[in-house]
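Its first residue numbered 300, the sequence shown is counted upward by one per residue in this note's numbering.
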Amino acid sequence: MTQYDNKQLLSMTGISKSFSSVPVLTDVNFNLNAGEVHILAGENGAGKSTLMKILAGVYSEYSGSIAVSGENVKFSTIHDATRAGISIIHQELSLIPTMTVAENVFLGREKCKGPWLAKKQMRQMSKALLANAGLDIDVNKHIGDYPLGTQQMVEICKALAFESKIIVMDEPTSALTDVEVEKLFAIIAKLKQSGCGIIYITHKMEEIYRIADRITVLRDGKYVGTAPASELPQHKLVAWMVGRELNQQFPRHRSHPGDVRLSVKNFTVPDPTGKPFPAVSEVSFEVRAGEILGVAGLGGSGNSELLNGLFGSYGSSAKGQCVLNGKPYSPSNPSAGIESGIAMLTNDRKVTGLVLGMDIICNTTLAALRKYSPFGWLLPAKEAESAKKQGQSMNLKAASLTMPVDALSGGNQQKVAIAKWIETQPTVFLLDEPTRGVDIGAKHEIYELMNKWTSAGIAIVLITSEMPELLAMSDRIIVMHRGKITAEFASYDATQERILAAAMGEKENKN
Numbered sequence: 300m301t302q303y304d305n306k307q308l309l310s311m312t313g314i315s316k317s318f319s320s321v322p323v324l325t326d327v328n329f330n331l332n333a334g335e336v337h338i339l340a341g342e343n344g345a346g347k348s349t350l351m352k353i354l355a356g357v358y359s360e361y362s363g364s365i366a367v368s369g370e371n372v373k374f375s376t377i378h379d380a381t382r383a384g385i386s387i388i389h390q391e392l393s394l395i396p397t398m399t400v401a402e403n404v405f406l407g408r409e410k411c412k413g414p415w416l417a418k419k420q421m422r423q424m425s426k427a428l429l430a431n432a433g434l435d436i437d438v439n440k441h442i443g444d445y446p447l448g449t450q451q452m453v454e455i456c457k458a459l460a461f462e463s464k465i466i467v468m469d470e471p472t473s474a475l476t477d478v479e480v481e482k483l484f485a486i487i488a489k490l491k492q493s494g495c496g497i498i499y500i501t502h503k504m505e506e507i508y509r510i511a512d513r514i515t516v517l518r519d520g521k522y523v524g525t526a527p528a529s530e531l532p533q534h535k536l537v538a539w540m541v542g543r544e545l546n547q548q549f550p551r552h553r554s555h556p557g558d559v560r561l562s563v564k565n566f567t568v569p570d571p572t573g574k575p576f577p578a579v580s581e582v583s584f585e586v587r588a589g590e591i592l593g594v595a596g597l598g599g600s601g602n603s604e605l606l607n608g609l610f611g612s613y614g615s616s617a618k619g620q621c622v623l624n625g626k627p628y629s630p631s632n633p634s635a636g637i638e639s640g641i642a643m644l645t646n647d648r649k650v651t652g653l654v655l656g657m658d659i660i661c662n663t664t665l666a667a668l669r670k671y672s673p674f675g676w677l678l679p680a681k682e683a684e685s686a687k688k689q690g691q692s693m694n695l696k697a698a699s700l701t702m703p704v705d706a707l708s709g710g711n712q713q714k715v716a717i718a719k720w721i722e723t724q725p726t727v728f729l730l731d732e733p734t735r736g737v738d739i740g741a742k743h744e745i746y747e748l749m750n751k752w753t754s755a756g757i758a759i760v761l762i763t764s765e766m767p768e769l770l771a772m773s774d775r776i777i778v779m780h781r782g783k784i785t786a787e788f789a790s791y792d793a794t795q796e797r798i799l800a801a802a803m804g805e806k807e808n809k810n
């Protein structure tokens, strides 16, 4: 029990919202108490983001009522919500890379001394704010000079600078390392003690049951239920979210690996940001047909650079001996990789995975256009037919294949990004965070697709920051630290503790 028990900060009652007469929220209820973390759960497309955009003042037209600290409110703008003590930390960063850390923290609410900016004051306040979050960085440097995880932590601190009483965190750990996640959870604990209420959106089960006080679930724009986290077991939560029981969270069907698909020896990738030491240093491994090879590592380990280097993203600067399907392979560019049978699902579908303004058909066939232009001219009917088949095989949920992909939910966007590469008929599939930002139902479908691919003889190299996923879906796991492989485990030998120790550069005592 705390001094804030049952002190209600927020009440949203009977919230309904439609777009072009299509309902996206129907009679949804949600409330938040002081000093609690309230998880808002549901599949992609369930209505979570729409509900939070109403709370934030992005959407001013809706039915229902909102009360903050007992007073009825109706926000017309984002500034209205901010003035009422509401801050939202979005999954997509709202930082300007060419501005300093301090300038980003105070962007839009700059401190002034007379007609001039109080730059020294903003630098001092930014430094103190970041230090309180366990972040020791130079606030005078451009934010774009820091890795994505650090940028995400600055984004979080930027929202905390408003000293809001209601804070919405939308997938805040999607780009964070394990160390940074721990820092975030420490911040959340402090916020709870100060009486803040936190609305937390995540698809990661381990996070939900670690920090949640209560859980509310939406499905298809409707309110399903609310329960204390301690009284809502995981299998029931999943059933609430997807409308059915999932028999197994990680349905890995163990296969019998065949011949070596990809052999890599002494592979080295220079640091893409220009640092003097390589991102990947003399790495050697092999992966067989029908096998899933997991690649573990903390931020800066070089695992993403390894996959991008093998795909040809860094051109001829990547060096080493590679053999693909029994033939020498030089990853000089992505086109060479695709033609040789390698596909690469990148870790940011909205930046490097999809062309958001293009429709589903064009995105699906983008990496295999030669199939649809045998005489130099595209055959739209053939493209549409192939995209339709891929959509059906992946259970793609879309009103029309001519929809732009940015109108799809995150899970369906990921399916389109995957379909694009399946069109190339790869023999080796490099997957970098294939379930990032994807709801539990879509995750389950992606796991089943991975089983289907390995059964067909495709070799998969998998990077995932979700440890249960890595352990459950991998047949073998290699661990990287500072560009080098520090350990290799068979699936039956791997544990979270052993992987984390190797990822931090520790050597196992075999005595």
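Virtual Cβ for every residue (Gly too), placed ideally from N, Cα, C.
**Request:** Measure the Cβ-Cβ separation of E581 and N602 and say whether it is below 7 Å.
**Result:** Against the sequence shown, residue 581 aligns to sequence position 282. Against the sequence shown, residue 602 aligns to sequence position 303. Taking 7 Å as the Cβ cut-off, E581 and N602 do not qualify as a contacting pair.
**Asked** Under three-state DSSP, which class holds Q390?
**Response** Stepping through the sequence shown from its first residue, residue 390 is reached at position 91. Three-state result, Q390: coil.
**Item:** Residues of its chain near L434, where Cβ-Cβ distance is below 8 Å and the 5 sequence neighbours each way are ignored
**Value:** The residue given as residue 434 occupies position 135 in the sequence shown. Around L434: T449, M452, V453, C456, K482.
**Prompt:** Beta carbon of A698, beta carbon of L653: below 7 Å?
**Reply:** Mapped onto the sequence shown, residue 698 falls at position 399. Mapped onto the sequence shown, residue 653 falls at position 354. No, Cβ-Cβ distance for A698 and L653 is not below 7 Å.
**Request:** Whole angstroms is fine: what's the gap from G813's alpha carbon to I377's?
**Result:** Absent from the model: residue 813. The displayed extent of the chain is 300 to 810, so no value can be given.
**Request:** Locate the beta strand (DSSP E) running through P627, then write down its first and last residues.
**Result:** As a working note, residue 627 is residue 328 in the sequence shown. Unbroken beta strand (DSSP E) run through P627: 626 to 628.
**Message:** Restricting to runs no shorter than 4 residues, where is the alpha helix (DSSP H) found entirely within the segment 669 to 743?
**Reply:** 679 to 692, 709 to 721
**Message:** On the CB-based measure, 16 or more other CB atoms within 10 Å of its CB, does R669 come out buried or exposed?
**Reply:** Reading the sequence shown from its first residue, position 370 is the one you call residue 669. Exposed: under 16 other Cβ atoms inside 10 Å.
**Prompt:** Are T663 and Q689 touching if we call contact CB-CB under 7 Å?
**Reply:** Mapped onto the sequence shown, residue 663 falls at position 364. Mapped onto the sequence shown, residue 689 falls at position 390. Their beta carbons are under 7 Å apart, which means T663 touches Q689 by this criterion.
**Prompt:** Apart from the five residues on each side of it in sequence, which residues of its chain come closer than 6 Å, Cβ to Cβ, to E585?
**Reply:** Counting from one through the sequence shown, the residue named residue 585 turns up at place 286. Cβ within range, chain order: V559, S562.
**Request:** Sort out for me which residues DSSP pairs S317 with in a bridge.
**Result:** Taking the sequence shown and counting its residues from 1, the one referred to as residue 317 is at position 18. For S317, which the question treats as bridged, DSSP gives the partners P322.
**Helix, strand or coil at L475 [DSSP, three-state]** = Locating residue 475 in the sequence shown gives position 176, counting from the first residue. If DSSP states are grouped into helix, strand and coil, L475 belongs with coil.
**Item:** Buried or exposed (CB count within 10 angstroms, at least 16 for buried), L406
**Value:** Translated into positions along the sequence shown, residue 406 becomes position 107. Exposed.
**Prompt:** Which residues in the same chain have their Cβ closer than 6 Å to the Cβ of I660, if we skip the five residues on either side of it in sequence?
**Reply:** Stepping through the sequence shown from its first residue, residue 660 is reached at position 361. Excluding sequence neighbours, I660 sits near E682, A683, A686, L700.
**Item:** the segment 721 to 736 in contact with the segment 355 to 370 per 3-pair CB rule at 8 Å
**Value:** no
**Prompt:** Contact check, S386 vs A458 under 8 Å by CB: the rounded distance?
**Reply:** Here residue 386 refers to the residue found at position 87 of the sequence shown. Here residue 458 refers to the residue found at position 159 of the sequence shown. About 4 Å; that satisfies the 8 Å criterion.
**Prompt:** Across which residues does DSSP place M779 in a beta bridge pair?
**Reply:** Counted from its first residue, the sequence shown places residue 779 at position 480. I784, per the DSSP bridge assignment.
**Item:** Own chain residues within Cβ distance below 6 Å of K742, not counting five before or after
**Value:** Locating residue 742 in the sequence shown gives position 443, counting from the first residue. Excluding residues within five positions, the ones whose Cβ falls inside 6 Å are T734.
**Message:** According to DSSP, G593 sits in a beta bridge with which residue or residues?
**Reply:** Within the sequence shown, residue 593 is the residue found at index 294, counting from 1. Answer is L761, I776, bridged to G593.
**Request:** Have a look at K464, I510, G496 and flag the residue whose alpha-carbon is nearest the alpha-carbon of V480.
**Result:** Counting from one through the sequence shown, the residue named residue 480 turns up at place 181. The candidate whose alpha carbon is nearest that of V480 is I510.
**Three-state class that DSSP yields for T663 in the structure shown** = Counting from one through the sequence shown, the residue named residue 663 turns up at place 364. If DSSP states are grouped into helix, strand and coil, T663 belongs with the helices.
**Message:** Among M421, G496, A432, L447, whose alpha-carbon lies nearest the alpha-carbon of N439?
**Reply:** Here residue 439 refers to the residue found at position 140 when the sequence shown is read from its first residue. That would be M421, whose Cα lies nearest to the Cα of N439.
**Message:** One question on the structure: do V249 and M540 come within less than 7 Å of each other, judged by their Cβ atoms?
**Reply:** Limits of the chain in this structure are 300 at one end and 810 at the other, which puts residue 249 out of reach.
**Request:** Please name the residue, chosen from A680, P673, A718, that lies closest to L695 on a Cα-to-Cα basis.
**Result:** Locating residue 695 in the sequence shown gives position 396, counting from the first residue. L695 has its Cα closest to that of A718, out of A680, P673, A718.
**Item:** Inter-residue spacing [alpha-carbon to alpha-carbon] between M424 and T651
**Value:** Indexing the sequence shown from 1 puts residue 424 at position 125. Indexing the sequence shown from 1 puts residue 651 at position 352. Each residue's alpha carbon lies about 35 Å from the other.
**Message:** Let me check one thing: in DSSP terms, what residues is V327 bridge-paired to?
**Reply:** Translated into the one-based positions of the sequence shown, residue 327 becomes position 28. DSSP lists I314 as partners of V327.
**Request:** State whether the segment 673 to 682 contacts the segment 630 to 644, with contact taken as three or more CB pairs (one from each stretch) at a distance under 8 Å.
**Result:** no
**Request:** Flag this pair as yes or no: are the beta carbons of T723 and A666 separated by less than 7 Å?
**Result:** Taking the first residue of the sequence shown as 1, we reach residue 723 at position 424. Taking the first residue of the sequence shown as 1, we reach residue 666 at position 367. Yes, Cβ-Cβ distance for T723 and A666 is below 7 Å.
**Request:** Report yes if the C-beta distance between S310 and N330 is below 7 Å; otherwise report no.
**Result:** Position 11 of the sequence shown, counting from 1, holds the residue named residue 310. Position 31 of the sequence shown, counting from 1, holds the residue named residue 330. Yes.
**Request:** Taking only beta-carbon positions, decide if P627 is within less than 7 Å of chain D.
**Result:** No chain D appears in the structure shown, which is made up of a single protein chain.
**Request:** Count the other C-beta atoms from every protein chain shown that fall within 10 angstroms of the C-beta of S375, then say buried if there are 16 or more, exposed otherwise.
**Result:** Along the sequence shown, read from residue 1 onward, the residue named residue 375 stands at position 76. Burial call: exposed.
**Beta-ladder partner(s) of F566, from DSSP** = Your numbering for residue 566 matches position 267 in the sequence shown. Paired residue(s): V582.
**Asked** Ends of the beta strand (DSSP E) at S631?
**Response** As a position in the sequence shown, residue 631 is number 332, starting the count at 1. Unbroken run through S631: none, as it is neither H nor E.
**Proximity of P575 and S616 at Cβ, strictly below 7 Å** = On the sequence shown, residue 575 is found 276 positions in, with the first residue counted as 1. On the sequence shown, residue 616 is found 317 positions in, with the first residue counted as 1. No, they are not a contact pair.
**Request:** Spatial neighbours of Y522 within its chain, please: CB distance less than 6 Å, with the 5 preceding and 5 following residues excluded, ordered by chain position.
**Result:** If you number the sequence shown from 1, residue 522 lands on position 223. Only V327, N328 meet the Cβ criterion.
**Asked** Three or more beta-carbon pairs under 8 Å between the segment 339 to 354 and the segment 511 to 519, yes or no?
**Response** yes
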